[in-house]
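To convert a position in the sequence shown, counted from 1, into this note's numbering, add 291.
The C-beta atom is built at its ideal place from N, Cα and C for all residues, glycine as well.
Let me begin by presenting the structure, written as structure tokens, before commenting on it.
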Amino acid sequence: MWLRPEEVLLKSALKLWVTEKSNQYFLLQRRRGYGEGGGGITGLLVGTLDTVLDSTAKVAPYRILHQTPDSQVYWSIACGASLEEISQHWEWLQVNIMRTLSVFDSGDDITSFVQGKIRGLIAEESKSGGGDEDPEGFREAVLRFERLFGLPKREKLVTYFSCSYWRGRVPNQGWIYLSTNFICFYSYLLGNEVKLVFSWDEVSRLERTSSVLLAESIRVSVRGEDHFFSMFLRLQQTFLLMQQLADYAITRLFDKETFSTDHPLSDPLHITQRALEVHARNQAFRAFFRLPQGENLCEVYESFLWVPFSHYNTLGKVCVSERYLCFASQDGSQCHLIIPLREVVSVELPDRSSRALSVGVRGKRAFRFSEVRDFERMAATIRRKCFNSSSPQHSASAQLPLCDDEEDVMVGQTQAAVSTEALMNVFHPHDAENLDPKMLKERMKEQSWQIHFAEYGRGSGMFCTKKTRALVVRGVPETLRGELWMLFSGAVNDMATHPGYYTTLLDECMGSSSLACDEIERDLHRSLPEHPAFQTDTGISALRRVLTAYAHRNPKIGYCQAMNILTSVLLLYAKEEEAFWLLVAVCERMLPDYFNRRIIGALVDQAVFEELIRDHLTALTDHMTDLSFFSSVSLSWFLTLFISVLPIESAVNVVDCFFYDGIRAVLQLALAVLHYNMDSLLCCNDDAEAVTILNRFFDNVTNKDSPLPATVQQASATANNKPAQSVDISDLVREAYERFGEIRWEEVENMRKRNKLYVIQTLEETTKQNVLRVVAQDVKFSASQLEELYLLFKRQHFISCYWSVCSPALQNHDPSLPYLDQYQLGQSQFAALFHLLLPWTPNTHSHTRSHSHTHSHLHSLARSAFRLADENADGLVNFKEFICTLDILYNGSFTEKLKFLFKLHLQPAGGPVCKPFGPSASTFPAEELSISTRFSECTDDGVIKKSPERGRGKIDLQEYLKQWQDELQKKEENIKDLPRIKQTQFVRLSKTLYSVFHGDDEEESLYRAVARVTSLLLRMEEVGRRLQDNSPTKTPQTTPQTPPQTNPDTPADSAPTPLTPEPSSGGDHFPKSPQPDPDFSPSDTSHTLPTSPTSTTTSSPTGTSSSAIDTPADTPGDASAAGEDWSFSFEQILASLLNEPAVVRFFERTIDAHTLIENASRNQLRDTH
């Protein structure tokens, strides 16, 4: 066991210990009196002392010491009761520590590192040994986690490990903390502190690596930078947990089409290490046995299964779920078995001496399991679950073939006439009397399968072995394809447990209209158009029903191209309902994430394909500078399972292998295609030549044993005329299995997980670059600043999703929209980020109450800015709209900034967020309120606005480009076109200026300047009203456009101070720091500004209060006009403020964007509530 390092003076202990092994830094010693020899008198004495003394003083017979060459002090770090135990510790030190110590220059650094590592191992062992029994230790880790990294308390720590972080060639011993949304590391040694915080959604690579310096480590890539963590006590366990957390984060945040609210890990606040491990185990269990979603592994038993056809027992594991009993061998026989519990009729214990049990199923078959350690418990579990599965929904009749009468009744229950025959049987019925050589070979295949069924069983409960795979590679007979596809894919279980589901879907969806239905109609006649089955309404109607039913079942996927091609082939060999369930199995289990807008699953498998090319086709890798060419060429191979590139009679052989071996079969065949054309590809000079070679190869692939008539076969005449150049699909498939058959299912799944992070981050990087390229043309931020602001914007979107089960913000990320609108912020998200980046945030040293009031007013300002930026009134702001708003505040001129503040206060207070500029919201047109000509108007075609079909429909790109063109052609907004600001709006504008100036070094002079401008504008308004009253005829009010020039040195008490909280009187000077009330409302303006033209109190130039002149309404007798307020134009306010140098200096001051962005990035998570 590892010991806490303690000093040992070796000089006084030489007579008691014997050194067995040693190196430059460690010694393995044996205590005298133990082991061989006994040690003579000294050994006898030592052994006697150890035996006589009480147990608390007894010394372990073996120990390991740490030493440094320049020190006489040694440190005990491990002890053991046996040589085997201590040798394990010694080997671990040799493998994990020795190579690391060579990078240190001083002995003190080496000792500190070793001590820190040993202490970490001890803490980790106690944590893993206690598990849930040591909650106190975990609580302490949670407190450290919260204290060290400053994350919100809602962030859930999942686990933590002791490890070393490599910065250059120097390791930093510390602790890695894995939470729901973040990976964190902390180390503090010899005054050197290392603190890392990365969110899982930023991780692009996560893999185990090894090098000369590091025996084995975990590489984490974030934003293009690699970070290495090593020397874990349980490296594989740590890596799997990191992989699961990263996959969970990107699936929940980026790949919402495959993440449902009923996901077992849907609540990020309740994720634990145990929950992650159980979820990963269930996923692997379902994927291996092709079981329906929601099927979870309950119990696992090690057992022998009697294989009757081979007359021997095969060792493996029995896996029991809620509805299935599965077996997988572990002795290389590649035997697996799936028994639906609905088929089980008996469970018996025939031989207790061999701990055996027998499971009987329908059809008078039984399966014998022996040497089961807890066989009685296993029998009780199976009986209990069989009882639970005996509901009417799971009855055996649901999966048995229906007679003709029953089929007619079933069809009559729905308005849509469901086809009950495979299209191949309708258009090419099997002719038993045909003695054609190809038909004779077909019958030989059928006989081989019949023999197989007799030995291995048929249907549910059939043994799948190496012989089964060999028959599949040869090609499945035409008459058995539908049945075997259903069996191998697991679709037979879906169909059996959901009787009547397909017809119910048809009743619900047929006749409905949606974008998916429109796309399906457009592609119906493009699906195998050369086949007779799809040249008539029979095949077209069946295809329409299957695709429409699936789009209705899974609206997240709906309909995607390539689904029509695959479904067409399924309908040829399976009944209509069977074809539907086969499509479910392919889209939701066997090819996850393939059929969505971004085809993430297909791109992931392309990355796996590239990796396999590097491993297995090294000559091609050395020749090609960029393997991404093969990914682009092979994309259609994977999406359509080679159906789009091979003749139909050859492609079905590929589909046979796919349903048996999954994506591994497609990868093997793709490698075989490249290997077959290796010599030609090595001679290619460009990509076009390589594409021509591959296309010519596929044109010459034939199926010489296909019984299909010539009218159906698609093989070219050229291939038939030149047999020397043709390739038979059976030979190609066989070569793929022989040459690349060592690729295991587990290996493919691991590569999928590893590359999924990279693919999604690559897509996100593409989105970012496109957004920045568009936005950079319209703003003055540098490229690096724009990138940092984009990351802040994107993180702000995710922050509201981190700790929410079903955050509405998740719906704001839509990859199907144009790049600019893929990430959008709602009002609360916008306000939080806007406040972080606002260049006029008050200083923290301000008075508490005034600071809180100002803070509240600035939040109100952020909400107004959101309504102004949200031009299309959909309640969301994209990055361009956000950055253009920020660009005005950071890089705009004095006039632009003032115009922005002016327009903020033209909006009605407390109006609706979604439609603040609609006709009912204000009396002036919405286009007058745009921030600048950079914003484009949105139409109602759904390009940017939300609609029920958003995310599933296609974007009208031409309309989007037209909007963009119109946006660029807009003329600069004229300040004369701005509407006049009314009384209550002007009050809010003045209060905003006070809030903006609060905490500034020139705060007092800025306040005085605003007071002078306000008084001047009020006097101008009074003069205008007097002139209007004295006019013989009532004319519309006119106000001088240019105020008289005022002297900045004029005493403050000579000007009215209407905006001060305390009205000045009789020669009182202007208050030093007037603080407006942030909770100001239009109803409480009577003490500050004139609220009506009849009884208004203002301050006179002499400082005494006087009553303002009554201003009559424009039209006598008009009651509504009697309450009309005064107003100012933007030109008046601009001209008045231009005469205040302090205000001009404040707004034209250079903004330190770099510092503000850094502070925002540092505080973004801390400000989360």
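Per-residue DSSP class, three states only, for residue i
i, result
"residue 1201", "For residue 1201, the predicted model reports a pLDDT of 43, less than 50, meaning its position is unreliable; a value from the coordinates is still stated below. DSSP places residue 1201 in coil when its eight states are reduced to three."
"residue 372", "coil"
"residue 719", "coil"
"residue 381", "helix"
"residue 627", "strand"
"residue 356", "strand"
"residue 388", "coil"
"residue 701", "Because the pLDDT at residue 701 is just 35, under 50, the model does not fix this residue reliably, and the point stays unresolved."
"residue 1274", "helix"
"residue 761", "helix"
"residue 604", "strand"
"residue 852", "coil"
"residue 988", "helix"
"residue 665", "coil"
Residue i - containing alpha helix (DSSP H), residue span
i, result
"residue 803", "That residue, residue 803, is in no alpha helix (DSSP H); it is neither H nor E in DSSP."
"residue 1432", "1432–1439"
"residue 892", "891–907"
"residue 318", "First-last for residue 318: 317–322, but that is the beta strand (DSSP E), not the alpha helix (DSSP H)."
"residue 1315", "1294–1321"
"residue 875", "867–876"
"residue 733", "728–747"
"residue 766", "Taken as a continuous stretch (DSSP letters only), residue 766 belongs to no alpha helix (DSSP H), as it is neither H nor E."
"residue 1186", "1185–1195"
"residue 1047", "1036–1066"
Closest Cα partner of residue i within the set the options
i, options, result
"residue 1298", "1285, 1310, 1292", "1285"
"residue 771", "788, 822, 446, 944", "944"
"residue 786", "572, 751, 757", "751"
"residue 1054", "877, 761, 495", "495"
"residue 955", "938, 911, 1033", "1033"
"residue 1291", "1438, 324, 442", "1438"
"residue 1045", "1165, 773, 535", "535"
"residue 731", "611, 1269, 779, 999", "999"
"residue 794", "825, 324, 560, 869", "869"
"residue 758", "744, 883, 710", "744"
"residue 1424", "1269, 381, 742, 318", "1269"
"residue 805", "822, 781, 1279, 838", "838"
"residue 565", "532, 542, 597", "532"
Residue i - containing beta strand (DSSP E), residue span
i, result
"residue 1031", "First-last for residue 1031: 1020–1031, but that is the alpha helix (DSSP H), not the beta strand (DSSP E)."
"residue 468", "461–470"
"residue 517", "516–521"
"residue 639", "635–639"
"residue 931", "Per DSSP, residue 931 belongs to no beta strand (DSSP E); it is in the alpha helix (DSSP H), 919–931."
"residue 1474", "A question about residue 1474 goes unanswered here, because the residues of the chain that appear run from 292 up to 1460."
"residue 617", "615–620"
"residue 450", "448–458"
"residue 886", "Careful: residue 886 lies outside any beta strand (DSSP E) and carries neither H nor E."
"residue 487", "483–490"
Supposed close pair residue i, residue j - CB separation, criterion 8 Å
i, j, result
"residue 1180", "residue 1130", "6 Å"
"residue 1070", "residue 1174", "6 Å"
"residue 295", "residue 410", "7 Å"
"residue 615", "residue 779", "Not a contact, Cβ separation roughly 15 Å."
Can you find at least 3 beta carbon pairs, one from the segment 799–815 and one from the segment 839–856, that sit closer than 8 Å? Flag = yes, the segment 799–815 and the segment 839–856 touch.
Below 8 Å, can you find three or more Cβ-Cβ pairs linking the segment 822–840 to the segment 848–863? Touching, yes, given that three or more Cβ pairs across the two stretches are closer than 8 Å.
Does the segment 959–978 touch the segment 796–803, meaning 3 or more C-beta pairs lie closer than 8 Å? Contact between the segment 796–803 and the segment 959–978 is absent, because fewer than three Cβ pairs lie under 8 Å.
The segment 569–580 / the segment 634–654 touching (three or more Cβ pairs under 8 Å): No: fewer than three Cβ pairs fall under 8 Å.
Below 8 Å, can you find three or more Cβ-Cβ pairs linking the segment 455–463 to the segment 429–444? Contact fails between the segment 455–463 and the segment 429–444, because fewer than three Cβ pairs, one in each stretch, are under 8 Å apart.
With contact counted as at least three CB pairs below 8 Å, one residue from each stretch, are the segment 475–482 and the segment 1079–1092 in contact? Taking one beta carbon from each stretch, the segment 475–482 and the segment 1079–1092 have fewer than 3 pairs nearer than 8 Å; the two do not touch.
Can you find at least 3 beta carbon pairs, one from the segment 443–457 and one from the segment 520–534, that sit closer than 8 Å? Contact between the segment 443–457 and the segment 520–534 is present, because at least three Cβ pairs lie under 8 Å.
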